[in-house]
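Visitor:
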Amino acid sequence: MKTGTRHRARERLDDRLQGLKPVARFHAPPKGWVRAIRDALGMTGVQFARRLAVRPQSVETLEQSEESGSIQLKTLRRAAEALDCTLVYALVPNDSLEGAVRGRARKIAMRELGRVAHTMRLEAQETADGNTDERIEAYIRDNVKERDLWNDRD
Numbered sequence: 003m004k005t006g007t008r009h010r011a012r013e014r015l016d017d018r019l020q021g022l023k024p025v026a027r028f029h030a031p032p033k034g035w036v037r038a039i040r041d042a043l044g045m046t047g048v049q050f051a052r053r054l055a056v057r058p059q060s061v062e063t064l065e066q067s068e069e070s071g072s073i074q075l076k077t078l079r080r081a082a083e084a085l086d087c088t089l090v091y092a093l094v095p096n097d098s099l100e101g102a103v104r105g106r107a108r109k110i111a112m113r114e115l116g117r118v119a120h121t122m123r124l125e126a127q128e129t130a131d132g133n134t135d136e137r138i139e140a141y142i143r144d145n146v147k148e149r150d151l152w153n154d155r156d
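For the sequence shown, the working numbering gives the first residue as 3, with consecutive numbering after it.
1. Measuring only the C-alpha atoms, how far is Val103 from Leu15?
2. Are the CB atoms of Leu19 and Val90 within a distance shorter than 8 Å?
3. Grouping DSSP H, G and I as helix and E and B as strand, with all else coil, what is Leu85?
4. For the alpha helix (DSSP H) holding Thr46, just list the boundary residues, first then last.
5. Would you be able to state if there are at least three C-beta pairs under 8 Å between the stretch 70-86 and the stretch 31-41?
6. Relative to the alpha-carbon of Glu69, which residue among Ile138, His29, Val25 has its alpha-carbon at the smallest distance?
7. Rounded to the nearest angstrom, how far is the Cβ of Val146 from that of Ala107, given a contact under 8 Å?
8. Taking all protein chains shown into account, do 16 or more other C-beta atoms lie within 10 angstroms of the C-beta of Ala111, making it buried, or fewer, making it exposed?
9. Let's test the definition: count the other Cβ atoms within 10 Å of the Cβ of Val48 and tell me whether it reaches 16, buried, or not, exposed.
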């Protein structure tokens, strides 16, 4: 995928995901969504088990696995359908996707420019600092490629 296409894709995803922020609105109730909705509907575990075509003990296991975070998506989807609900699944970035890319590029540029500055100081060839932000942006534009942003783990 070309850089311009990736940029537009990030913008479109950022727009779509914006409606999911703040994510705190979607934290599961203490015993999980399945149990909270089942209780709110007045549905017993036995009734829910019948709708799922499982044993009542399996309902307890299902609800405990959701509460612990070990439930499988396909199980959660089946439970949602049995409760006449729709499972909504999303990954919501902490920052915008565009912001994550810019931040990562800036971090790489600062690291690389820092190495160059250190070497120059060691060789007594230090230059006047000038506008650091302009140097960083120029380095990003000329040297940092999007496909290489995520190669290392720092």
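We put the CB at the ideal spot given by N, CA and C, even for glycine. As the structure is a computational prediction, the values presented were derived from the model and not from experiment.
Guide: Based on what the coordinates show:
1. 13 Å
2. no
3. coil
4. Segment: none, Thr46 is in no alpha helix (DSSP H) and carries neither H nor E.
5. yes
6. His29
7. 5 Å
8. buried
9. exposed
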